[in-house]
Amino acid sequence: GMVVAETYYRREANGAYTWFNPADVELERDSKAKVISAKLIADGLPVEIGGTEKMAKSKNNGVDPQSMIDQFGADTCRLFMMFASPPDMSAEWSDSGVEGSHRFLKRVWRLAQAHVAQGLPGKLDVNGLNDEQKAVRRSIHLAIKQASHDVGQNHKFNTAIAQVMTLMNVLEKAAQATGQDRALLHEGLEAVTLLLAPITPHISHELWNRLGHADPVIDARWPVVDETALVQDSLTLVIQVNGKLRGQIDMPASATREEVEAAARANENVLRFVDGLTIRKVIVVPGKLVNIVAS
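The opening position of the sequence shown corresponds to residue 559 in this note's numbering, with each subsequent residue numbered one higher.
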């Protein structure tokens, strides 16, 4: 795909168009942040908003990557470009998007720095994890699995980056009180670093070193999924009555269809919505939902 950006112009008296670079234009927005007008910074006079088009010299809507690299660093620009869209679609250039990518990398850096400042943790005991720790480790290996598929099979770095962002949300909220907690966070930060390495090599190289590895990240193996970490002891199932959400239940992963149906029928909220009705059918979608059809 192509990289596209907004265009701005003035139509001269002779009918010719003069195009202005986005960096030379100041935008005015309404209370909902919608752009309502634009003016040229140099003279303060209005310019027309021409819409989004592919970057071209003729429309003067190109962005100098060097200025962005000087301001935010190469990793930020690389992350934004890879996250903006899949390779087969056009990517819309957005200064706010670049800033968002920069903020994300700063989040990764802060979490890793705070972690290593306490000293590197011991080895993780995967057989001694509590339920909360198992959920965190499942998120780590689910991100590895999905990002590996996105990159290796679909060649979609944007969705792989989204997986890393989702994982970061989990790691930032994860407990850090015990040695097991910190060892688990360490595993998560290693996964984040390795998954980002092809996209943001500079920060990944530094993070990998600070996480205790002497060899450069470029020589490290791609993270391997631990399938046992993906196994769930319990599942949260949505309950619907006539297709409308009415509650949820937590069930052991090994629960039979009959046990799931019985628990759904006994749910207090479900009982309220089927009161006076006859249950005609119960549809169980394993691992996801129960839909009770009543009339």
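Even for Gly, the Cβ is constructed at its ideal location relative to N, Cα and C.
Is the Cβ of residue i closer than 8 Å to any Cβ of chain C?
{"i": "Pro623", "result": "Absent from the structure: chain C. Only one protein chain is present."}
Under the DSSP definition of a beta bridge, which residues are partnered with residue i?
{"i": "Met640", "result": "According to DSSP, Met640 bridges with nothing at all."}
{"i": "Ser792", "result": "Pro810"}
{"i": "Lys802", "result": "Val799"}
{"i": "Val593", "result": "Arg587"}
{"i": "Gly609", "result": "Thr565"}
{"i": "Val848", "result": "Ile797, Val842"}
{"i": "Phe578", "result": "Tyr566"}
{"i": "Ala649", "result": "Val561"}
So, are the CB atoms of residue i and residue j less than 8 Å apart?
{"i": "Thr758", "j": "Leu663", "result": "yes"}
{"i": "Ser648", "j": "Val562", "result": "yes"}
{"i": "Val799", "j": "Phe831", "result": "yes"}
{"i": "Asp784", "j": "His699", "result": "yes"}
{"i": "Arg568", "j": "Glu611", "result": "no"}
{"i": "Ala749", "j": "Leu725", "result": "yes"}
{"i": "Thr565", "j": "Gly620", "result": "no"}
{"i": "Val840", "j": "Val828", "result": "no"}
{"i": "Glu584", "j": "Thr576", "result": "no"}
{"i": "Leu769", "j": "Lys846", "result": "no"}
{"i": "Asp819", "j": "Val842", "result": "According to the sequence shown, residue 819 is Glu rather than Asp. Closer than 8 Å, so yes."}
{"i": "Gln738", "j": "Asp683", "result": "yes"}
Can you tell me whether residue i is buried or exposed? The criterion is at least 16 other CB atoms within 10 Å of its CB, across all chains shown.
{"i": "Glu690", "result": "exposed"}
{"i": "Gln671", "result": "exposed"}
{"i": "Pro645", "result": "exposed"}
{"i": "Met719", "result": "According to the sequence as given, residue 719 is Ile; it is not Met. With 16 or more Cβ atoms within 10 Å of its Cβ, Ile719 is classed as buried."}
{"i": "Ser589", "result": "exposed"}
{"i": "Thr751", "result": "buried"}
{"i": "Val775", "result": "buried"}
{"i": "Pro810", "result": "exposed"}
{"i": "His713", "result": "exposed"}
{"i": "Ser659", "result": "buried"}
{"i": "Ser762", "result": "buried"}
{"i": "Ala732", "result": "buried"}
{"i": "Arg587", "result": "exposed"}
{"i": "Leu835", "result": "exposed"}
Whole angstroms are fine: how far does the CA of residue j sit from the CA of residue i?
{"i": "Leu742", "j": "Asp791", "result": "18 Å"}
{"i": "Ala821", "j": "Thr814", "result": "11 Å"}
{"i": "Leu793", "j": "Arg838", "result": "25 Å"}
{"i": "Glu650", "j": "Phe715", "result": "16 Å"}
{"i": "Gln721", "j": "Ile702", "result": "8 Å"}
{"i": "Glu826", "j": "Ile807", "result": "11 Å"}
{"i": "Gly746", "j": "Gly680", "result": "14 Å"}
{"i": "Ala516", "j": "Met626", "result": "Absent from the model: residue 516. The displayed extent of the chain is 559 to 853, so no value can be given."}
{"i": "His744", "j": "Leu753", "result": "14 Å"}
{"i": "Arg695", "j": "Ile850", "result": "33 Å"}
{"i": "Ser812", "j": "Ser643", "result": "39 Å"}
{"i": "Ala678", "j": "Asn579", "result": "This sequence places Leu at residue 678; Ala is not what is there. Each residue's Cα considered, the two are about 49 Å apart."}
{"i": "Asn767", "j": "His760", "result": "11 Å"}
{"i": "Pro623", "j": "Asn727", "result": "29 Å"}
{"i": "Ala852", "j": "Ala824", "result": "14 Å"}
{"i": "Val593", "j": "Asn618", "result": "20 Å"}
{"i": "Pro781", "j": "Val709", "result": "13 Å"}
{"i": "Asp628", "j": "Arg661", "result": "16 Å"}
{"i": "Ala755", "j": "Arg779", "result": "11 Å"}
{"i": "Thr786", "j": "Lys597", "result": "58 Å"}
{"i": "Val656", "j": "Gln734", "result": "31 Å"}
{"i": "Pro844", "j": "Ile797", "result": "12 Å"}
{"i": "His673", "j": "Val666", "result": "11 Å"}
{"i": "Ser595", "j": "Leu729", "result": "41 Å"}
**Request:** Determine contact between the segment 624-642 and the segment 587-603, defined as no fewer than three beta-carbon pairs at a distance below 8 Å.
**Result:** no
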